[in-house]
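First the structure, in the form of structure tokens, and then the observations on it.
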Amino acid sequence: ETGVTQSPTHLIKTRGQQVTLRCSSQSGHNTVSWYQQALGQGPQFIFQYYREEENGRGNFPPRFSGLQFPNYSSELNVNALELDDSALYLCASSYLTHTDTQYFGPGTRLTVL
Amino acid sequence: KNEVEQSPQNLTAQEGEFITINCSYSVGISALHWLQQHPGGGIVSLFMLSSGKKKHGRLIATINIQEKHSSLHITASHPRDSAVYICAVEGSEGGLTFGKGTHLIIQP
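Quick mapping for you: the protein sequence lines, in order, are chains A and B. Convert by adding 41 to the 1-based position in the first sequence; the result is the number in the working numbering. Convert by adding 17 to the 1-based position in the second sequence; the result is the number in the working numbering.
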């Protein structure tokens, strides 16, 4: 148990729809990072938030956006869903933005039809 | 962009064997992480290294910053060690860059 939870566990959407995924970090963890893991691949960095501000971003388009709240929860929003967005979405929390142990949530499996 | 290479991609061994998984990266880093992922499961952090060597139970991780190389060792391997082991590095761009993982199966 890492103390990081994600909801929902599974989600099915159709192409063009919008989706919101949620993550609850460990208390006191100011940093949350989101990753996309396609089937059979390693996770890819989407973005990182630190104290409610975006602190770094991977190679993902602007339709991937996020929010972080003062209560250590965060959201990943994806607009205009595409079939290739089907993946496991992982969040990871830590106290520091760098050089700190990452605590991963169990992930949300998104299927886009 | 950092490239992270792991070897081997797949490894099957007998219970009790000494296991080594290797990781190489192409660009300077601030830290290297070894992670474990069970089938259908989440990812668990095993080690975070900036230099030298760390040990936790039967697991040992080493890093050579000059050679841009790290190894994860498992002593006295057990079937419950069967999982995917992932090397991931932190660079200046934020977030982790992951290797493709090593699928380890320990047979009784």
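Don't be surprised by glycine CBs; every beta carbon is placed ideally from N, CA and C.
Judged by DSSP secondary structure, residue 107 of chain A falls within the beta strand (DSSP E) whose first and last residues are 105-109. Against chain A, the CB of residue 117 of chain B has a partner CB under 7 Å away; the residue lies at that interface. Runs of the alpha helix (DSSP H) lying entirely within the stretch 23-47 of chain B, each at least 4 residues long, are absent. Using a Cβ distance threshold of 7 Å, residue 84 of chain A and residue 90 of chain A do not count as a contacting pair. Taking the Cα of residue 114 of chain B as reference, the smallest distance to any Cα among A/97, A/105 and A/146 is reached at A/97. Distance from the Cα of residue 39 of chain B is smallest, within the candidate group B/54, B/62, B/59 and B/21, for B/21.
Excluding the 5 residues flanking it on each side, residue 49 of chain B has same chain C-beta neighbours closer than 6 Å at 66, 80, 87 and 106, in chain order. Secondary structure at residue 89 of chain B: strand, using DSSP grouped into helix, strand and coil.
For chain B, the residues of the stretch 106-136 of chain A that bring a beta carbon within less than 9 Å of one of its beta carbons are 131 and 133, in chain order. Counted as a single uninterrupted DSSP element, the beta strand (DSSP E) harbouring residue 119 of chain B occupies residues 119-124.
Under the 10 Å beta carbon count, residue 68 of chain A is surrounded by fewer than 16 other beta carbons and is classified as exposed. Annotation: residue 107 of chain A to residue 34 of chain B spans about 45 Å, alpha carbon to alpha carbon.
Annotation: Cβ neighbours of residue 89 of chain A in chain B (cutoff 8 Å, chain order): 111 and 112. At a cut-off of 7 Å between beta carbons, residue 80 of chain B makes no contact with chain A. Residue 126 of chain A and residue 153 of chain A have their alpha carbons spaced roughly 7 Å apart. Within chain A, 142 and 143 have C-beta atoms less than 9 Å from the C-beta of residue 50 of chain B, given in sequence order.
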